[in-house]
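*Asks:*
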Amino acid sequence: MKEIMIATKNKGKAKEFKAFFSKYGIEAKSLLDLDEPIDDIEETGSTFEENAAIKAEEISNLLNIPVLSDDSGLEIDFLEGRPGIFSARYAGEPKDDRKNYEKVLEELKDVPDHERTARFVCVLAIATPGEKTVFRKGYCEGKIGLEPRGENGFGYDPIFIPKGYEKTMAQLSPDEKSKISHRSNAIVQLEDWLKGLQ
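Counted from 1, the sequence shown has number 152 at position 152 by the working numbering; the numbering is strictly sequential.
Structure (structure tokens):
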């Protein structure tokens, strides 16, 4: 593999993956690097795996190169896994991080601490033309706090307290966060797969 397309228009995410793949001599580009923009692909799957695969496979077929796509979200045990694949739009359209986590806090209003267990999930899918799609999955276990705290991060970070920490994800430094995040854990597994390709 000489090059790979990262199926994202998020600059931060693109930068993270470019740095990761460069260690393996693989040039990573993102959708931001294309001359002809690609329309957003509708994620119609019912799992993180299905959504990541839909995006990766469709773009891979279009561009005829390997494509990495990720799908991630928050699963809360008390809410039977919600918001799950609907994490980004949990409070409806347009996407609004604050409204999303406020809805979660409202739903967990009288729920005791030991029942507030949750995890961030990240699924990476790599689609290569003519090959079977490869999946890697990472988790970050923790619980939902009682109120939002912290300025760093995005999404549900202000209400998510990682296991072994007193702080929320949004109170951790980017370095601390990247060591324990669900995306980092999925990338570590991707690393094992890439080593096998060398």
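We put the CB at the ideal spot given by N, CA and C, even for glycine.
With a Cβ-Cβ cutoff of 8 Å, do Glu36 and Ile54 count as a contact?
*Replies:* no
*Asks:* Is it buried or exposed for Thr47, if we count other Cβ within 10 angstroms and need 16 for buried?
*Replies:* By the Cβ-count criterion, Thr47 is exposed, with fewer than 16 other Cβ atoms from all chains shown falling within 10 Å of its own Cβ.
*Asks:* Are the CB atoms of Lys167 and Ile159 within a distance shorter than 8 Å?
*Replies:* no
*Asks:* Which of the three DSSP states, helix, strand or coil, is assigned to Ser184?
*Replies:* helix
*Asks:* Count the other C-beta atoms from every protein chain shown that fall within 10 angstroms of the C-beta of His182, then say buried if there are 16 or more, exposed otherwise.
*Replies:* buried
*Asks:* For Val123, which beta-bridge partners are listed by DSSP?
*Replies:* Answer is Asp71, Lys137.
*Asks:* Can you tell which of Asn64, Gly145, Leu124 has the C-alpha that lies nearest to the C-alpha of Val104?
*Replies:* Gly145
*Asks:* Note the first and the last residue of the continuous alpha helix (DSSP H) segment covering Lys15.
*Replies:* 11–22
*Asks:* Would Asp71 and Val123 be called neighbours here (beta carbons separated by less than 8 Å)?
*Replies:* yes
*Asks:* Check for me: the beta strand (DSSP E) holding Ser30 runs from which residue to which?
*Replies:* 27–30
*Asks:* Using the Cβ count rule (16 or more neighbours within 10 Å means buried), how would you classify Glu75?
*Replies:* Under the 10 Å beta carbon count, Glu75 is surrounded by 16 or more other beta carbons and is classified as buried.
*Asks:* Helix or strand or just coil, what does DSSP make of Gly92?
*Replies:* The answer is coil: DSSP assigns Gly92 none of H, G, I, E or B.
*Asks:* Kindly indicate which three-state DSSP category Lys55 falls into: helix, strand or coil?
*Replies:* helix
*Asks:* Out of Lys15, Gly45, Ile6, Lys132, point me to the one whose CA is closest to Phe86's CA.
*Replies:* Gly45
*Asks:* Counting C-beta neighbours from all protein chains within 10 Å, is the total for Leu32 16 or more, i.e. buried, or is it exposed?
*Replies:* exposed
*Asks:* Please state whether DSSP places Met1 in a helix, a strand or coil.
*Replies:* coil
*Asks:* Whole angstroms are fine: how far does the CA of Val188 sit from the CA of Asp97?
*Replies:* 27 Å
*Asks:* Take Gly155 as the anchor and find which of Asp175, Gly84, Lys109 has the nearest alpha-carbon.
*Replies:* Distances from the alpha-carbon of Gly155 to those of Asp175, Gly84, Lys109 put Gly84 closest.
*Asks:* On a Cα-Cα basis, can you pick out the residue from Gly73, Leu34, Asn61, Tyr101 that is closest to Arg149?
*Replies:* When each option's Cα is compared against that of Arg149, the closest is Tyr101.
*Asks:* Could you name the residues that DSSP lists as bridge partners for Thr117?
*Replies:* Lys143
*Asks:* When we look at the beta-carbon of Pro112 and count the other beta-carbons within 10 Å, is it buried (16 or more) or exposed?
*Replies:* Pro112 should be labelled exposed.
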